[in-house]
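Peer 1:
Structural data, given as structure tokens:
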């Protein structure tokens with residue numbers, strides 16, 4: 008099971024917004040779809056993201072979450088959240 012926590016200004020809202028996925032592919036599909044919808048909402052209809060556009064990079068472990076395989080989730084060069092097991 009993969010846990011995803013979005014990067015928000017408030018740590019409290021980040022903690023309340025944890026989403027669970029069965030696989031990394033499901034996480035990537037969710038992030039790419041969410042980002043595409045956001046860009047279309049703000050009028051950037053020329054942007055369309057696909058699951059292969061989502062990158063996972065190693066991140067410093069969060070002392071509060073204590074997840075294994077902790078990684079940052081990036082799309083279009085922007086860190087949008089963190090994931091782990």
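Residue numbers (the working numbering): 8 to 92.
The C-beta atom is built at its ideal place from N, Cα and C for all residues, glycine as well.
Tell me whether residue 29 sits in a helix, a strand or coil according to DSSP, three-state version.
Peer 2: Looking at residue 29 - three-state DSSP - the assignment turns out to be coil, as it is neither helix nor strand.
Peer 1: Checking contacts by CB at 7 Å: is residue 14 closer than that to chain D?
Peer 2: Here there is only one protein chain, and chain D is not present.
Peer 1: How is residue 46 classed by DSSP in three states: helix, strand or coil?
Peer 2: If DSSP states are grouped into helix, strand and coil, residue 46 belongs with the helices.
Peer 1: I need the DSSP call for residue 83, collapsed to helix, strand or coil.
Peer 2: DSSP places residue 83 in coil when its eight states are reduced to three.
Peer 1: Compute the Euclidean distance between the alpha carbons of residue 77 and residue 32, then round it to the nearest angstrom.
Peer 2: Each residue's Cα considered, the two are about 16 Å apart.
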